[in-house]
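In UniProt numbering, the protein residues as written are 1 to 133.
Dropping the structure here:
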């Protein structure tokens, strides 16, 4: 999503990057495969390995953890850096979108309300905006 969107903004063409590359290979950066992870850890992995594989080169999303085989795959793009925005700072988020382009936003998908989520805008009155909620 975010990296593909930024690539499109810069180059005017779309690419499909491999989510499975991140699921299989970014464990050493603190991510947990299909059990979750954080965007900044994925960015660190991509920067360390000089890019992320194209979906056609690495393989499609499998909906399960698999073995890492990124060494001889064609990279789709590199990233040079990233910036973290202070949690809850909506103005900083608006500025980042307006001046930098696509952004990634993390959510607590382990919340019990997601068990029955199917589509649309997620709403759960028990889900707050603070990290403790």
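The beta-carbon is built from N, C-alpha and C at its ideal position, and this holds for glycine as well.
Are residue i and residue j close, meaning C-beta to C-beta below 9 angstroms?
i, j, result
"residue 104", "residue 1", "yes"
"residue 78", "residue 54", "no"
"residue 47", "residue 81", "yes"
"residue 18", "residue 60", "yes"
Taking all protein chains shown into account, do 16 or more other C-beta atoms lie within 10 angstroms of the C-beta of residue i, making it buried, or fewer, making it exposed?
i, result
"residue 133", "Its pLDDT being 42, under 50, residue 133 is placed unreliably by the model, and the measurement read from it follows with that caveat. Residue 133 is exposed by the Cβ-count criterion."
"residue 63", "exposed"
"residue 131", "Because residue 131 carries a pLDDT of 49, less than 50, the predicted location of this residue cannot be relied on, and the following value inherits that uncertainty. It is exposed - the Cβ of residue 131 has fewer than 16 other Cβ atoms within 10 Å."
"residue 34", "exposed"
"residue 70", "buried"
"residue 115", "exposed"
Inside the UniProt domain "Peptidase C1A papain C-terminal" (1-133) only - beta strand (DSSP E) runs reaching at least 3 residues: 75-77
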